[in-house]
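One structure is given below, encoded as structure tokens.
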Amino acid sequence: MKKLFTLLVLLAINAFSQSEISDTRLVNLLYQAEENPSVIRDARSLALELGYPLEIYTTSGQFITLAGIENNQPLYLALNNFSDPYSGGVTLQYAQIVQGYDLMGARINYGNGRITNRTLGYQTGSNQTTNLSGVAFLVNSGADQISLVSAVNGDIIESNFITDASLSTPKKAIMHPISNNLTVCDQLLDVVLHYDTLTGNALGTFAPAGGVDTSKMDNTRGHYFDAAGNLYVTCGAGSSINSVVKYDASGNYLGKFIQNAAGGMNSPFDIIFRANDVLTTNYGDGKILSFDFNGNSLSTLTSAMVRPQQINIGQGSNLIVADFGVGGGLRVTDSTGNQLLLLNIVTANRGAMQLSNGNYLTANGGGYYELNAQNQIVRTLIAGSSCQYVTPAGSLPPIPVELVSFAAAASGNAVELNWLTVTETNNMGFEIEKSTDGKNFSKIGFVNGNGTTTGYSFYKFSDLNPAAGVNYYRLKQIDFDGSFEYSNVTEADFEVISDFALANNYPNPFNPSTKISFTVPEQAKVKLEVFNAAGELVSVLADQEFAKGNYSITFDASNLSSGMYIYKMTAVSGNGKNFTGSGKMLLQK
Numbered sequence: 013m014k015k016l017f018t019l020l021v022l023l024a025i026n027a028f029s030q031s032e033i034s035d036t037r038l039v040n041l042l043y044q045a046e047e048n049p050s051v052i053r054d055a056r057s058l059a060l061e062l063g064y065p066l067e068i069y070t071t072s073g074q075f076i077t078l079a080g081i082e083n084n085q086p087l088y089l090a091l092n093n094f095s096d097p098y099s100g101g102v103t104l105q106y107a108q109i110v111q112g113y114d115l116m117g118a119r120i121n122y123g124n125g126r127i128t129n130r131t132l133g134y135q136t137g138s139n140q141t142t143n144l145s146g147v148a149f150l151v152n153s154g155a156d157q158i159s160l161v162s163a164v165n166g167d168i169i170e171s172n173f174i175t176d177a178s179l180s181t182p183k184k185a186i187m188h189p190i191s192n193n194l195t196v197c198d199q200l201l202d203v204v205l206h207y208d209t210l211t212g213n214a215l216g217t218f219a220p221a222g223g224v225d226t227s228k229m230d231n232t233r234g235h236y237f238d239a240a241g242n243l244y245v246t247c248g249a250g251s252s253i254n255s256v257v258k259y260d261a262s263g264n265y266l267g268k269f270i271q272n273a274a275g276g277m278n279s280p281f282d283i284i285f286r287a288n289d290v291l292t293t294n295y296g297d298g299k300i301l302s303f304d305f306n307g308n309s310l311s312t313l314t315s316a317m318v319r320p321q322q323i324n325i326g327q328g329s330n331l332i333v334a335d336f337g338v339g340g341g342l343r344v345t346d347s348t349g350n351q352l353l354l355l356n357i358v359t360a361n362r363g364a365m366q367l368s369n370g371n372y373l374t375a376n377g378g379g380y381y382e383l384n385a386q387n388q389i390v391r392t393l394i395a396g397s398s399c400q401y402v403t404p405a406g407s408l409p410p411i412p413v414e415l416v417s418f419a420a421a422a423s424g425n426a427v428e429l430n431w432l433t434v435t436e437t438n439n440m441g442f443e444i445e446k447s448t449d450g451k452n453f454s455k456i457g458f459v460n461g462n463g464t465t466t467g468y469s470f471y472k473f474s475d476l477n478p479a480a481g482v483n484y485y486r487l488k489q490i491d492f493d494g495s496f497e498y499s500n501v502t503e504a505d506f507e508v509i510s511d512f513a514l515a516n517n518y519p520n521p522f523n524p525s526t527k528i529s530f531t532v533p534e535q536a537k538v539k540l541e542v543f544n545a546a547g548e549l550v551s552v553l554a555d556q557e558f559a560k561g562n563y564s565i566t567f568d569a570s571n572l573s574s575g576m577y578i579y580k581m582t583a584v585s586g587n588g589k590n591f592t593g594s595g596k597m598l599l600q601k
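All you need for my numbering is the position in the sequence shown, starting with 1, plus 12.
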């Protein structure tokens with residue numbers, strides 16, 4: 013069972029003063045948070061309770077993130093340079109942030125999916141109907157989301173490909189080779205979760221089957237599948253400390269694949285399979301270890317690293333390693349572990365892979381970057397958000413299936429269509445057809461295919477003019493010779509949003525939390541407050557700009573006494589449209 017670090021003592025002049033953090037304290041803080049990030053988890057919980065932000069990125073490029081708890085208040089760290097966290101920073105209380113920083117237009121993450129100016133600091137792709145063949149999954153733990161990025165040039169294709177506020181410290185996202193669902197390893201939840209790759213819908217816990225069981229695995233940092241769909245997970249605490257555990261293709265526990273501390277395993281983070289061996293990274297002592305397919309130790313490829321986290325295979329069978337430690341960076345070695353390159357323009361690296369254009373991607377606690385072999389930052393693709401591993405979808409064995417799945421879902425003012433292929437032969441492209449009765453279809457668009465490929469290909473298309481009610485869609489896949497084949501029909505229910513609305517909370521009565529849902533018909537400033545029966549304000553759940561859409565916010569009353577509470581929503585749109593609504597809810601403990 014994890015130790016809960018609820019107090020992080022940083023070098024500070026007094027409880028409410030801004031203070032330069034010492035180099036030693038900063039390094040210790042960053043190292044500790046990687047191995048057991050419960051200190052950040054506890055700080056996030058407190059910030060959510062108080063209605064404070066989790067991350068802030070200003071229009072002038074300043075990045076402020078949670079560092080811990082001090083004097084029963086969230087403590088924040090403003091980094092001098094988020095691409096090089098070891099360059100120093102200052103610690104602050106939230107009141108000092110409000111007083112000392114210009115937050116106008118800032119991207120502010122309040123948790124539970126509430127992010128203002130969400131795209132600030134993100135460089136996104138330009139064409140929503142682009143063929144997405146050759147992709148990778150970037151874990152953005154700061155925003156509780158998985159981003160879809162290009163494995164060719166690093167472009168962000170879809171920043172919120174999967175969003176799940178229940179994530180705690182997600183590390184790695186990789187596709188299951190049989191179900192094609194996306195799986196996510198979460199370090200503090202002690203599970204591997206899975207999601208429908210096309211819709212993004214959460215499917216719950218994949219492993220351990222049946223839910224959390226820290227007697228099987230604890231402090232999970234990385235995972236991988238073999239061609240048969242068996243799952244391997246690195247662990248860093250409890251009875252599974254310094255081991256790799258194994259599950260079958262359905263998430264049933266099979267035992268330890270690599271025994272505790274076998275081969276010198278010391279705080280393992282990532283794991284990958286090669287043609288003739290299995291590699292793990294040793295965060296504890298800077299090694300890369302090699303094992304056979306029965307989990308027996310073969311060799312130490314290198315001991316010249318500091319704190320390695322993710323490992324991927326690059327061009328020419330080279331190894332691409334994210335070395336988090338001081339003196340580390342993105343390391344490139346040959347297949348036997350001999351270093352070829354050290355790219356340290358970005359530090360405190362968590363994720364690393366090589367692009368097909370020859371450049372490299374890396375991620376750290378401050379963003380996501382493209383680097384060249386000359387140790388230069390080509391682009392900062394995400395600025396000011398805590399990122400983790402970046403894993404190419406093609407790193408899993410391809411499945412001999414063509415169209416794997418096809419889904420549609422309403423999103424804002426549009427219906428988003430997503431589909432996935434695994435192999436294609438002479439595929440010219442897809443006509444997208446739509447119907448409002450499920451019988452009479454007409455063409456609404458076309459997306460180019462990928463010709464002939466054996467890799468994963470993701471496609472997306474936005475229907476910007478959906479009809480009210482149920483919309484039916486199908487794909488007409490067309491070959492270069494003119495032959496074609498229709499997909500199955502999928503549907504999406506589109507609700508026209510025309511007015512503000514505040515729904516009844518659910519559940520009601522509740523203990524200790526309930527959800528309050530509301531609708532915003534156009535861009536508007538929304539405030540959602542909770543009062544006790546005496547009319548005293550007890551919580552501000554939202555006070556920010558919201559785009560058109562439907563929203564749901566969780567009210568946690570763990571620290572409140574039983575009784576009647578009133579929630580009130582006020583909204584003002586840019587067009588001067590006003591709304592006020594309220595409801596009653598009963599807390600029963």
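Think of the CB as a built atom: it goes at the ideal place given N, C-alpha and C, for glycine as much as any other residue.
Label residue i either buried or exposed according to how many other C-beta atoms from any shown protein chain fall within 10 Å of its C-beta, with 16 as the threshold for buried.
i: Gly298; result: buried
i: Met365; result: buried
i: Phe336; result: buried
i: Tyr518; result: exposed
i: Gln105; result: buried
i: Gly586; result: exposed
i: Val609; result: The first residue shown for the chain is 13 and the last is 601, placing residue 609 beyond what the model contains.
i: Met187; result: buried
i: Asn376; result: buried
i: Met581; result: buried
i: Ser252; result: buried
i: Gln111; result: exposed
Roughly how many angstroms separate the alpha carbons of residue i and residue j, rounded to a whole number?
i: Pro524; j: Ser574; result: 10 Å
i: Ser529; j: Ala59; result: 21 Å
i: Pro412; j: Asn40; result: Note on Pro412: pLDDT 33, under 50, position unreliable in the model; no value is reported.
i: Met317; j: Asn278; result: 13 Å
i: Glu32; j: Gly378; result: 18 Å
i: Thr592; j: Ser564; result: 17 Å
i: Val552; j: Leu201; result: 27 Å
i: Asp608; j: Ile394; result: Within the shown structure, residues of the chain are numbered from 13 to 601, placing residue 608 beyond reach of any answer.
i: Gln327; j: Leu150; result: 20 Å
i: Leu210; j: Leu432; result: 7 Å
i: Gln489; j: Tyr295; result: 47 Å
i: Pro220; j: Ser454; result: 45 Å
i: Phe285; j: Ser315; result: 19 Å
i: Asn477; j: Leu540; result: 31 Å
i: Val390; j: Tyr468; result: 26 Å
i: Leu160; j: Asp505; result: 25 Å
i: Leu664; j: Asn213; result: Because the chain in this structure spans residues 13 to 601, residue 664 falls outside the shown range and cannot be described.
i: Ser34; j: Thr103; result: 10 Å
i: Thr141; j: Phe458; result: Confidence in Thr141 is poor, its pLDDT being 34 and thus under 50, which makes the residue's placement unreliable; the coordinate value appears in the next sentence. Looking at the two C-alpha atoms, the distance is approximately 8 Å.
i: Gly166; j: Leu373; result: 7 Å
i: Val257; j: Asp238; result: 13 Å
i: Gly349; j: Asn384; result: 21 Å
i: Tyr401; j: Thr526; result: 33 Å
i: Ala421; j: Pro182; result: 25 Å
Spell out the partners DSSP gives residue i in its beta bridges.
i: Gln366; result: Tyr372
i: Leu87; result: Gly80
i: Arg606; result: This structure cannot settle anything about residue 606, because the visible part of the chain is limited to 13 through 601.
i: Gln351; result: Thr345
i: Ser423; result: Ala426
i: Lys527; result: Tyr518 and Thr566
i: Thr246; result: Gly234 and Val256
i: Glu557; result: Lys537
i: Gln327; result: None, per the DSSP bridge assignment.
Could you tell me whether the Cβ atoms of residue i and residue j are closer together than 8 Å?
i: Asp282; j: Ile323; result: yes
i: Asn483; j: Asp475; result: yes
i: Val584; j: Lys560; result: no
i: Ala118; j: Ile68; result: yes
i: Cys399; j: Gly363; result: yes
i: Ser495; j: Arg486; result: no
i: Pro49; j: Gln199; result: yes
i: Asn544; j: Tyr579; result: no
i: Gly234; j: Cys197; result: yes
i: Asn330; j: Ser347; result: yes
Please tell me whether residue i has its Cβ less than 8 Å away from any Cβ of chain D.
i: Asn371; result: The question asks about chain D, but that chain is absent: this structure has only one protein chain.
For the structure I just gave you, are there three or more beta carbon pairs, one from the stretch 83-94 and one from the stretch 585-597, closer than 8 Å?
By the Cβ test, the stretch 83-94 is not in contact with the stretch 585-597, since fewer than three Cβ pairs between them sit closer than 8 Å.
Given 8 Å as the limit, is there contact between the stretch 181-195 and the stretch 442-450, that is, 3 or more CB pairs closer than that?
With the cut-off at 8 Å, the stretch 181-195 and the stretch 442-450 do not touch.
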